[in-house]
Amino acid sequence: MTLLAVERIKLFSTRSPYWCSALALVLGVGLTAIIAASTDNGQLSLGATQFGSSQLALSVVLVMAALAVTTEYRFSTIRATFLAVPNRTSALVAKTVVVAFIAALLGEIIAFGSVGIAKVLSPASDLAITTSDEWRHVAGVGLLYGIGAIIAIAVGILVRQTAGAVAILLVWNMLLEGLIGIIPKAGVKIQAWLPFMNANHFLQLGGGDPAESPGAGVDFKFSQWGSLAYFAAIAVAMLVVALIVAKRRDA
Amino acid sequence: MIEAVRLQKHYGKTKAVDDLSFTVRPGRVTGFLGPNGAGKSTTMRMILGLDTPTGGDVKIDGKHYVELKQPLRKVGALLDAKWVHPNRSARSHLKWLAVSNKIPVSRVNEVLEVVGLTEVAHKNAGGFSLGMSQRLGIAGALLGDPEVLLFDEPVNGLDPEGILWIRQFMHRLASEGRTVFVSSHLLSEMAQTAQDLIVIGKGQLIAQTTTEQFIADATQDTVRVRSPHAAKLREILAAHATVTDDSASGSLVVQGITAQQIGELAAESQVVLHELSPQRGSLEEAFMQLTKESVEYHAH
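Which chain is which? The protein sequence lines are F and E, in order.
For the working numbering, count along the first sequence from 1 and bump the result up by 92.
For the working numbering, count along the second sequence from 1 and bump the result up by 6.
Shown next, in the form of C-alpha cells:
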C-alpha cells in the first residue's frame with residue numbers, strides 16, 4: 093500500500109498525466125460528438141459511439157502510461173526510486189497498478205462520456221445499454237485501457253526512452269497489426285494472434301455489419317472474453333520480461 | 007561503516023573498478039579521491055545497489071544495500087543533484103521519498119529548513135540553480151536521519167559560500183557519529199574536508215590513510231640552490247641528499263636536507279650561494295604525481 097501511495101504522489105505531482113487525460117477525453121468524446129453530429133438523428137448506433145474511445149483515445153492513454161516510466165529514466169528519478177525502494181520489482185509493479193487503474197478509470201469515463209454526448213446530440217437514436225453485449229462494448233473500454241497501460245509500461249521499461257517507446261506503441265497499435273492483414277493468406281491467420289486485434293475482438297458488438305469493425309475477416313481462435321484474457325496474458329508476459337530485465341540491468 | 011572487499015566492475019574489457027578494498031569508518035569524514043574516470047561514481051553506485059559488481063562485495067554495516075528494509079533511514083545519498091523531475095516541486099519530491107520509507111511527512115519541512123529551501127519548497131525543481139539542486143539533494147539524503155551518508159562530488163559547480171556550507175555541514179554530520187563518505191577529484195578540497203582518505207586511480211586503490219599522513223607522504227619539501235660553483239656544491243651535497251639539476255634556471259634542486267643544513271655545508275667548504283630557497287610541494291602536484299600512472303585521459 094505504501095508503494096501505491098508513493099506512485100500516486102509521483103504521478104499526480106507532475107503535469108503530463110493531467111494533459112494526457114484531458115487530451116484522451118477530448119479526442120475520444122470529441123470524435124463521438126463529430127460522428128453524432130454528422131449522422132442523421134435516429135440513425136446513430138451504439139457501436140459508432142466507441143470509435144473514438146477504442147482507437148484514438150487509446151493511443152493517448154498508451155502514451156501516458158509509457159511516459160510514466162520513460163520520464164523516470166529521462167530524469168534519472170528511477171535511480172532515486174530504486175534507492176528508496178531497492179526491491180525494483182515491487183516498485184515497478186506498484187507503478188503499473190496505479191497507472192493501469194487510472195487508465196481503466198479514464199477508459200470508463202471516456203466510453204460512457206461518449207455514449208452520453210451521443211445521446212444529447214442524437215436524441216432519437218437508440219443508444220440504450222441493455223444487453224450484456226452492449227455493456228461489454230462500452231464498459232469493456234476501461235479493461236482495454238488498463239491492460240493496454242500494462243503493455244505500454246512494459247515497453248517503457250524495456251526501451252527507457254520516451255521517443256522510442258511512444259513510436260513502438262503507436263506504430264504497433266495503429267498501423268502494424270492492421271497492415272499485417274495485407275500479407276496474402278497468412279496475414280489474417282497471424283492477425284488472429286495479435287494482441288490489439290484480440291482486444292478489439294473483445295469489444296465487438298454482435299449484429300451490425302461485421303465488415304465495418306476492426307479485425308473484419310479475421311478468424312479469431314478465442315471467444316470474446318477469451319480474446320480479452322489472451323490480451324491480458326500477453327500484457328502480463330511482457331511486464332514479467334520487463335521486470336526481469338529491470339532487475340538485472342544496472343540502473 | 008562501509009566495507010568493500012575486492013570490488014570489481016568491468017564493462018567489456020574496461021575495468022572501471024578493479025579489485026578495490028577499503029573501509030569507511032563512522033564518526034569521520036572520509037574522502038574518496040581520484041582523477042575523473044577513476045571509478046568513484048561507479049563504486050558509489052555499487053555501494054547503493056544501483057549497479058551490480060562484476061566481482062567482490064560491498065556492505066553497509068554488514069548488509070547489502072538492497073537488503074535494507076527502509077534504506078533511507080540507514081543510508082542517505084546524493085549521487086547527482088539532477089535526479090529530480092523538473093516539473094515536480096521540491097516538497098513533492100521529498101514527500102514521495104518520505105512516504106516510500108514511512109518517514110513522517112512532517113520531516114520534509116524539517117529538512118527543507120535545514121538546507122534553507124523552505125521559501126522555494128513549492129517551486130518546481132527544474133528551475134533551481136545548481137546550488138539549490140545540491141541543497142535539495144542533501145535534504146533528500148537527510149530525510150531518514152541516516153547513520154551513513156554518501157556524497158558524490160557535492161561541491162562541483164558551487165560558489166565559495168556553498169562550498170563552505172557543505173564542508174561545515176559534513177563536519178557536523180561526522181561529529182554526530184555518522185559515517186560520511188564524500189568523493190572528489192580535488193585534493194585541495196579534500197584536504198580541508200576529509201579526515202581520512204581513500205585514493206583511487208584507474209579503479210585501483212592507491213592509498214587508504216589519514217589526510218594528514220597522505221599529504222605528508224605526498225608532498226616532499228625541496229630546496230632550490232643557486233651557486234657560481236654549482237659542480238663543487240653538487241659534489242658536497244650529493245653525499246647528504248638527492249640533488250637534481252634544474253637546467254632551465256641553472257640551479258640545483260635538493261631533497262632530503264633543510265636549507266639551514268645546506269647553508270652550513272656550503273659555508274664549511276667556502277662555496278658562494280646566490281640563492282637558497284625552500285620550496286613547498288603543492289598538494290595538487292603531489293596528487294598528480296601519485297595518480298599520474300592512473301589517469302585515464304591525458305591531454306597531450
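All C-beta atoms in this analysis are idealised placements derived from N, C-alpha and C, irrespective of residue type, glycine included.
Here the structure is a predicted model, which is why all the values come from computation and not from measurement.
| Item | Value |
| --- | --- |
| Contacts that V177/F makes with chain E (C-beta to C-beta distance below 9 Å) | P77, S106, N107 |
| Test: K102/F CB closer than 8 Å to a CB of chain E | yes |
| According to DSSP, residues forming a beta bridge with Q14/E | G61/E |
| Min CB distance G55/E to chain F below 8 Å | yes |
| Whole-number beta carbon distance between A116/F and V152/F, since they are thought to touch under 8 Å | 4 Å |
| Neighbour list for L74/E in chain F, Cβ cutoff strictly below 8 Å | P178 |
| Integer-rounded CB distance, given that L54/E should sit under 8 Å from L156/E | 7 Å |
| Residue-level contact to chain E via CB, R196/F, 8 Å cutoff | The sequence given here places Ala at residue 196/F; Arg does not occur at that position. False, the Cβ-Cβ gap to chain E never drops below 8 Å. |
| Alpha-carbon to alpha-carbon, Q226/E and Q219/E | 12 Å |
| Assigned secondary structure, K21/E (DSSP; H/G/I helix, E/B strand, else coil) | strand |
| Listed by chain order, chain E residues near F174/F by CB distance under 7 Å | L56 |
| 8 Å contact criterion, which A83/E and A147/E should meet: CB distance rounded | 6 Å |
| Sequence ranges, alpha helix (DSSP H) only - wholly within the region 103-190 of chain E, length at least 4 | 112-121, 136-148, 166-181 |
| Through-space distance from P109/F to Q296/F, alpha-carbon basis | 29 Å |
| Length of the line joining the Cα atoms of A145/E and T60/E | 32 Å |
| Proximal residues to G120/F (C-beta, below 7 Å), its chain only, five neighbours per side dropped | G144, S145, L148, A149, I202, S206 |
| Proximity test, Cβ basis, 8 Å: L239/E and chain F | no |
| Proximal chain E residues relative to F167/F, where beta-carbon distance stays under 8 Å | K88, W89, V90, H91, P92 |
| Neighbour flag for L179/E against chain F, beta carbons, 8 Å | no |
| Partner residues on chain E for V190/F, Cβ-Cβ distance less than 7 Å | What V190/F touches in chain E: nothing, since even the nearest Cβ is about 12 Å away. |
| Cβ distance (whole Å) where G139/F is taken to contact S217/F below 8 Å | Not really, about 11 Å apart at Cβ, beyond 8 Å. |
| Closer than 8 Å to chain F by CB, S194/E | no |
| Inter-residue Cα distance where the pair is D311/F and Q283/F | 9 Å |
| Top-ranked residue by Cα proximity to S135/E, from A87/E, S181/E, L179/E | A87/E |
| Beta-ladder partner(s) of A213/E, from DSSP | V205/E |
| Within chain F, the residues that K101/E reaches when beta carbons sit closer than 7 Å | I101 |
| Simplified DSSP assignment, three categories, for Q226/E | coil |
| Residues that DSSP places opposite A69/E in a beta bridge | Before going on, a small fix: residue 69/E reads as Lys here, not Ala. Looking at the DSSP assignment, K69/E forms a beta bridge with I66/E. |
| G248/F vs A196/F beta-carbon contact at 8 Å | no |
| Cβ shell of F193/F (< 8 Å), same chain only, five flanking positions each side left out | G238 |
| Straight-line gap, K75/E to W111/F (C-alpha atoms, nearest Å) | 36 Å |
| Own chain residues within Cβ distance below 6 Å of I326/F, not counting five before or after | P287 |
| Pick from Y322/F, L159/F, A183/F that is closest to A241/F, judged by C-alpha positions | L159/F |
| Bounding residues of the beta strand (DSSP E) (the contiguous stretch that carries G82/E) | 81-84 |
| Three-state class that DSSP yields for T29/E in the structure shown | strand |
| Spatial distance of S27/E from T169/F (CA atoms) | 29 Å |
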